[in-house]
Amino acid sequence: MGFGAAIKSVLSKYATFSGRARRSEFWWFTLFFLLIIVGIPVLNAALTATDRTGTSPLAVVHGLVVLALLIPSLAVRVRRLHDAEFSGWWILIAFIPFVGALTLFVLSVIDGTHGPNKYGSDPKDREPQNLGPLAYS
């Protein structure tokens, strides 16, 4: 899944906290969100470097865009956790300083469950892997 397709997919599932999300969908949207969070204030600073008259309209737009993207960013993170077969409530671990962010990062990087899991079908449409009898010992 590419950059544009990931953004379109996440925004089309704006507040959908059920189902699963591929790593590519999650990471492309995270990059997009990061570009918005960093890019607009940098652009604002460049445009208003000499004008210190008050709140710029671009700062207001930045706040509104971040608020608008907050729900889809939470939803795609929950769906990403579902893909790795973790409950969406694991998102609350982010409130533990450092350890929480590191844990969420690791859970976002690991490969999802092959085949369907309790949260839905495999977004990559893969068949479950037969790991043999040693996988369960």
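Take 0 as the starting number for the sequence shown in numbering that gives the first Met the number 0 and just add one per residue.
Heads up, the beta-carbon is just placed ideally off N, CA and C, and yes, glycines get one too.
Practice task
Tell whether a beta-carbon distance below 9 Å holds between Leu80 and Leu101.
Solution key: As a first step, residue 80 must be located in the sequence shown, where it is residue number 81. As a first step, residue 101 must be located in the sequence shown, where it is residue number 102. Result no, Cβ atoms of Leu80 and Leu101 do not sit closer than 9 Å.
Practice task
Using three-state DSSP, classify Gly111 as helix, strand or coil.
Solution key: On the sequence shown, residue 111 is found 112 positions in, with the first residue counted as 1. Of the three classes helix, strand and coil, the one that applies to Gly111 here is coil, per DSSP.
Problem - Cross-strand partners of Gly137 (DSSP beta bridge) - result: No information on residue 137 is available, as it lies outside the stretch 0 to 136 that the chain covers here.
Handout entry: Residue burial classification, Leu33 (beta-carbon count within 10 angstroms, cutoff 16)
Key = Taking the first residue of the sequence shown as position 1, residue 33 is located at position 34. By the 10 Å Cβ count, Leu33 comes out exposed.
Practice task
Can you have a look at Trp27 and say buried or exposed, based on whether 16 or more other CB atoms are within 10 angstroms of its CB?
Solution key: As a first step, residue 27 is located in the sequence shown; it is residue number 28 there, counting from the start. Around the Cβ of Trp27, a 10 Å sphere holds 16 or more other Cβ atoms; the residue is buried.
Problem - Residues near Ala5 by beta carbon distance below 7 Å, same chain, minus five either side - result: Indexing the sequence shown from 1 puts residue 5 at position 6. Ser23, Glu24, Trp27 and Phe28.
Exercise for the section: Reducing DSSP to helix, strand and coil, say where Phe97 ends up. Expected result: Your numbering for residue 97 matches position 98 in the sequence shown. Reduced to three states, the DSSP call for Phe97 is coil.
Handout entry: Check whether Pro71 and Lys12 have beta carbons under 9 Å apart
Key = Locating residue 71 in the sequence shown gives position 72, counting from the first residue. Locating residue 12 in the sequence shown gives position 13, counting from the first residue. Pairing Pro71 with Lys12 gives a Cβ-Cβ distance under 9 Å.
Practice task
Express the C-alpha separation of Lys117 and Ala93 in angstroms, rounding to a whole number.
Solution key: As a first step, residue 93 must be located in the sequence shown, where it is residue number 94. As a first step, residue 117 must be located in the sequence shown, where it is residue number 118. For Ala93 and Lys117, the distance between alpha carbons rounds to 23 Å.
Problem - Whether Ala20 touches Val75 by CB criterion (9 Å) - result: Residue numbering aside, residue 20 sits at position 21 when the sequence shown is read from its first letter. Residue numbering aside, residue 75 sits at position 76 when the sequence shown is read from its first letter. In this structure, the beta-carbon distance from Ala20 to Val75 falls below 9 Å.
Handout entry: Nearest to Ser17 (by Cα), restricted to the options His61, Leu73 and Leu91
Key = If you number the sequence shown from 1, residue 17 lands on position 18. If we check each option's Cα against that of Ser17, Leu73 comes out closest.
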